[in-house]
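Written out below as C-alpha coordinates is the structure these notes cover.
In our numbering, the protein residues as written are 3 to 81.
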(Lines of atoms letter the chains of each structure in order from A and count residues from 1; the text may use other names and numbers.)
(Lines give C-alpha, C1' and ligand atoms only; values in the text may rest on other atoms or scores of the structure.)
Protein backbone atom coordinates (compact mmCIF):
# COMPACT_ATOMS: atom_id res chain seq x y z
CA UNK A 1 0.00 0.00 0.00
CA UNK A 2 1.36 3.37 -0.96
CA UNK A 3 0.46 6.23 1.33
CA UNK A 4 -1.07 9.11 -0.63
CA UNK A 5 1.14 12.21 -0.88
CA UNK A 6 0.85 14.52 2.09
CA UNK A 7 -0.61 11.89 4.45
CA UNK A 8 2.62 10.15 5.48
CA UNK A 9 2.78 12.12 8.70
CA UNK A 10 -0.61 10.80 9.90
CA UNK A 11 -0.09 7.74 12.15
CA UNK A 12 -2.17 4.71 11.12
CA UNK A 13 -3.20 6.18 7.78
CA UNK A 14 -2.35 2.97 5.92
CA UNK A 15 -4.55 0.87 8.21
CA UNK A 16 -7.33 3.41 7.83
CA UNK A 17 -7.05 3.37 4.06
CA UNK A 18 -7.05 -0.43 3.97
CA UNK A 19 -10.16 -0.82 6.11
CA UNK A 20 -13.59 -0.78 4.60
CA UNK A 21 -16.88 0.24 6.06
CA UNK A 22 -19.26 -2.62 6.73
CA UNK A 23 -21.68 -3.14 3.90
CA UNK A 24 -25.33 -2.48 4.59
CA UNK A 25 -27.55 -5.51 4.16
CA UNK A 26 -28.87 -5.72 0.64
CA UNK A 27 -32.55 -5.03 0.29
CA UNK A 28 -34.49 -7.85 -1.32
CA UNK A 29 -35.31 -7.24 -4.96
CA UNK A 30 -38.97 -7.67 -4.12
CA UNK A 31 -40.80 -8.70 -0.98
CA UNK A 32 -41.14 -12.42 -0.45
CA UNK A 33 -44.71 -13.61 -0.87
CA UNK A 34 -46.61 -15.20 1.98
CA UNK A 35 -49.17 -17.98 1.68
CA UNK A 36 -51.81 -15.42 2.67
CA UNK A 37 -50.56 -13.04 -0.04
CA UNK A 38 -50.66 -15.78 -2.67
CA UNK A 39 -54.20 -16.75 -1.65
CA UNK A 40 -55.38 -13.13 -1.73
CA UNK A 41 -53.93 -12.72 -5.23
CA UNK A 42 -55.75 -15.73 -6.66
CA UNK A 43 -59.31 -15.58 -7.97
CA UNK A 44 -61.91 -17.61 -6.10
CA UNK A 45 -62.03 -20.42 -8.64
CA UNK A 46 -58.29 -21.09 -8.15
CA UNK A 47 -58.28 -21.10 -4.33
CA UNK A 48 -59.58 -24.66 -4.02
CA UNK A 49 -56.85 -25.98 -6.35
CA UNK A 50 -54.17 -24.06 -4.44
CA UNK A 51 -55.44 -25.23 -1.05
CA UNK A 52 -55.70 -28.86 -2.20
CA UNK A 53 -52.20 -28.87 -3.66
CA UNK A 54 -50.79 -27.13 -0.59
CA UNK A 55 -52.41 -29.68 1.73
CA UNK A 56 -51.00 -32.65 -0.20
CA UNK A 57 -47.47 -31.31 -0.73
CA UNK A 58 -44.59 -32.69 1.33
CA UNK A 59 -42.74 -30.09 3.40
CA UNK A 60 -39.49 -30.32 1.41
CA UNK A 61 -41.39 -29.61 -1.83
CA UNK A 62 -43.16 -26.50 -0.50
CA UNK A 63 -40.66 -23.94 -1.85
CA UNK A 64 -41.19 -25.13 -5.43
CA UNK A 65 -44.97 -25.18 -5.05
CA UNK A 66 -45.10 -21.74 -3.45
CA UNK A 67 -42.75 -20.23 -6.03
CA UNK A 68 -44.92 -21.58 -8.87
CA UNK A 69 -48.19 -20.35 -7.37
CA UNK A 70 -46.67 -16.96 -6.46
CA UNK A 71 -45.57 -16.54 -10.08
CA UNK A 72 -49.04 -17.49 -11.30
CA UNK A 73 -50.67 -15.04 -8.91
CA UNK A 74 -48.25 -12.22 -9.76
CA UNK A 75 -48.46 -12.45 -13.54
CA UNK A 76 -52.20 -13.03 -13.72
CA UNK A 77 -51.92 -16.58 -15.09
CA UNK A 78 -53.90 -17.86 -12.15
CA UNK A 79 -56.95 -15.83 -13.17
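In this text, a Cβ means the ideal position worked out from N, Cα and C, and glycines have one as well.
Looking at the secondary structure, which residues open and close the alpha helix (DSSP H) in which residue 64 lies? Looking at the DSSP string, the run of the alpha helix (DSSP H) that includes residue 64 is 64-77.
Hey, how far is the Cα of residue 64 from the Cα of residue 56? Cα to Cα, residue 64 sits roughly 8 Å from residue 56.
Taking residue 55 as part of the alpha helix (DSSP H), name the residues at either end of that continuous run. Per DSSP, residue 55 belongs to the alpha helix (DSSP H) from 46-58.
Between which residues of its own chain and residue 85 is the CB-CB distance below 6 Å, once the five residues before and five after are set aside? The chain is shown from 3 up to 81; residue 85 falls before or after that span and cannot be answered.
Segment limits, alpha helix (DSSP H) that includes residue 41: For residue 41, the enclosing alpha helix (DSSP H) starts and ends at 37-43.
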